[in-house]
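So the structure is just underneath, and the comments pick up after that.
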Amino acid sequence: MLLLINKYLSRSKNPAAGDDKEMPPPPPPPPANGAEREFMCIPGCVPVRVKRGTTTTTTTTTTARTSRHNFVKSAASGLFPGAQFTNHESLPAMEEAYAEFVAAFPQYAGLAQADAIRDGEYQHLDRHVCLDYTGINLFSHAQMNSSVPSTSATPPASSSGAAWQPPFFDIAYKSTSLRSQVQCGDDVAAASAAGGIGGAVTRRVMASLNIPDDEYAMVCTANRTTAFRLLAESYSFQQHGKRLLTVYDYESEAAGAMAESARRRGAEVMSATFAWPGMRVHAADLRKKLLRGRRRGGGGGHRRGLFVFPLVSRMTGARYPYLWMSAAHEQGWHVALDACALGTKDLDTLGLSLLRPDFIVCNFFKVFGENPSGFAGLFVKKSSLAALERSVIARSIGIVSIVPARRWSLHDGYSTELDPAAAAADDLDTTSSFSGPLSGTLIALTLKNVPEMDAAGEENGHSPEIREADPPPPPPPIMEVECRGLDHADALGLIAIGNRLRCISNWLVVAMQKLRHPQSEQGKALVRVYGPRVKFERGPSLAFNVFDWKGEKVAPPLVQKLADRHNISLTCGFLRHICFSDKYDADRAAVLEHIDGGGKRKDAAGEMGIYVVNASLGFLTNFDDAYRLWAFVAKFLDADFVEKERWRYTALNQKTVEV
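Using our numbering, the letters of the sequence shown correspond one by one to residues 15 to 673.
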């Protein structure tokens, strides 16, 4: 693998210049289906060498490169050719813009299934544009708000006649180490297969993500940050001077928590750097860090440390090739894949079927766009269990179990103390599973197994008569859960979701660059996009800043607050670890700033980077969402827009609020 990296470095004149030469792997052969021939490439896929004829190989390479070139050409020149918009009122209507969008990306019109799913199950997304977080949603909005949630079994009739309502599950904290949880995972899974919610959730999630349960064990944590910190506290950093190497072009709370724990445990913490302006991985620098501390003649079983790799930037949308994971494995690193920023089906790729990381972190929330609370999943490769230690600190970090939702009821007036018998009956009647009530069969079996006492014998002071026990009942059926959010992603598939997001994100990049200030003589751009521009492989995230007609940056928190008033949810982030080649050295002082942890600008201290606004697209994001964001940003072309919003807010609320 390092030979491939060396070959790349030898033909790259300046690896830090950000000239779109980061080591992209060769494209895979096109599928036989002609309908999918034009956009069949999966970003970051791993090439597999197959013996083929010379003519066939040449034709395949030409077709893949041509399809990518045609896509970029259509996006760059087919959208608003020659147009510049200097007033938000001059923007084309949504219908007109959509017609031009479909003309430039004709394949988008064939992805109507996603719009049908959104219209039927996620109608709340039409009221508010949600571009503020990434992850995998388990349920649909309709499922979470239905009076009788759909389940794989007929729900039992409630004695109270009340309708079954979400929430579908609760989480309970456990005091155990990560290593112990993984070791007993098989026993827990076997026990929960008889109807436990935890086992049902694990099976459903791993099936959707295409993670084999015979190779990996899933451990649930409270959130993404907890999963990273738990891994850092459990990994054997203290043995043989191991290191932590991360690949993040932005300030990540989870990665920061992991680095803090690793540094406290004696590990050397390193980070990849990213070349300005494309924010690509600085290949030569990362290669040196992967080779750092090479042990000559040492034991082959000793690992260099933990390599944390996200595949795609949550902030800028820059993608990184799978080859880095392969190179890290070959150089003796354990690899942790951060899949939280990936698309819903991006784990179902050729690369992960060939390169099995030692650890995978995914983030799960309940409903996209309304209720992101949920849990995170830390997947541990069973063959890598020896890399984990039993840690006292890790026992209290945040391993959780998924349990049935508890529904409390009050008895005896205002008393909050429940009668034990009534509480037990209430549990059996109203305890619901992950996606609805428990099956009637399971409840009947539970009631049947309750031991009976001989009341007459107890009254006479005698022990109950010993009778021959009834034969044990047959094991209950394996519980299944219905997660419509996962079902919808499975129905769309990797190719359709990838093409959909590729079209929308690239359109948004082009549309943002068409906004120009009318007051400036040179037609200064309103928006600056950081990271990849129009690109076939770009991820579904966009980092940008808004500038006024004087060239001063509008504070990202202000843009975020104003967007929220227009029913658009955005986030802010801090780009870091940026390196500048000699060609772009003049940009260093112009773009870098000192930002403290609270997002306020400092003059002489703090990490240097760029404070940005971020928009993240989900698999249900449609063209209307992108257009509404574009129309909102265009309002900043009005030099008085911010002041007008301030007075408008004051008039509505009768008070002045800092924005």
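All residues carry an ideal CB built from backbone N, CA and C; glycine is no exception.
Between the segment 237 to 244 and the segment 279 to 289 there are fewer than three C-beta pairs closer than 8 Å, too few to call the two in contact. Contact fails between the segment 214 to 233 and the segment 337 to 348, because fewer than three Cβ pairs, one in each stretch, are under 8 Å apart. Under the three-state reduction of DSSP, residue 496 is assigned to coil, being neither helix nor strand. Taking 8 Å as the cut-off, the Cβ atoms of residue 230 and residue 401 do not count as close. Residue environment analysis places residue 406 among the exposed positions, since fewer than 16 neighbouring C-beta atoms fall within 10 angstroms of its C-beta. Of the candidates 346, 330, 325, 329, the residue whose Cα lies closest to the Cα of residue 336 is 325. Within the same chain, and ignoring the five residues on either side of residue 303 in sequence, the residues whose Cβ sits closer than 8 Å to its Cβ are 259, 284, 286.
Excluding five sequence positions before and after residue 247, the CB atoms of its chain that fall closer than 7 Å to its own CB belong to 275, 405, 407, 408, 411, given in chain order. DSSP places residue 568 in the coil class of the three-state scheme, outside both helix and strand. Pairing residue 511 with residue 358 gives a Cβ-Cβ distance under 8 Å.
Of the other Cβ atoms in all chains shown, fewer than 16 fall within 10 Å of the Cβ of residue 253; this residue is therefore exposed. Annotated as proximal: residue 373 and residue 245, with beta-carbon spacing under 8 Å. Judged by DSSP in its simplified three-state form, residue 517 adopts helix. Boundaries for residue 213: no beta strand (DSSP E) harbours it, while the alpha helix (DSSP H) harbouring it runs 211 to 223, taken from the DSSP string.
The count of Cβ pairs closer than 8 Å, one atom from the segment 135 to 153 and one from the segment 383 to 403, reaches three, so the stretches are in contact.
Here residue 351 is buried: its Cβ has 16 or more other Cβ atoms, across all protein chains shown, within 10 Å.
Three or more Cβ pairs closer than 8 Å define a contact, and the segment 525 to 539 falls short of that threshold against the segment 184 to 201. A direct Cα-to-Cα measurement between residue 497 and residue 513 gives close to 24 Å. The alpha carbon of residue 582 has as its nearest neighbour, out of 564, 354, 638, the alpha carbon of 638.
Secondary structure at residue 329: coil, using DSSP grouped into helix, strand and coil. In chain order, 532, 651 place their CB closer than 7 Å to the CB of residue 101, counting only its own chain and leaving out the 5 sequence neighbours on each side. Within the same chain, Cβ atoms closer than 6 Å to the Cβ of residue 655 are found at 649, the five residues on either side in sequence being excluded.
One alpha carbon belongs to residue 182, the other to residue 388, and they sit about 11 Å apart.
Collapsing the DSSP output to three states places residue 124 in a helix. In this structure, residue 589 places its C-beta atom within 8 Å of the C-beta atom of residue 263. Just measuring C-alpha positions, the residue of 361, 542, 212, 103 sitting nearest residue 503 is 361.
When secondary structure is reduced to three states using DSSP, residue 184 falls in the strand class. Assignment of beta-bridge partners to residue 385 by DSSP yields 381.
Secondary structure note for residue 244: its alpha helix (DSSP H) is the uninterrupted segment 238 to 248. Note that the C-beta distance between residue 333 and residue 551 is below 8 Å. Residue 363 and residue 119 have their C-alpha atoms spaced approximately 24 Å apart. Bridge partners of residue 352 according to DSSP: 375. Counting of Cβ neighbours within 10 angstroms places residue 305 among the exposed residues, the total staying below 16.
The alpha-carbon of residue 568 is positioned some 29 Å away from that of residue 634.
Secondary structure within the segment 254 to 280: the alpha helix (DSSP H) runs of 4 or more consecutive residues, fully enclosed, are 267 to 278 (chain order).
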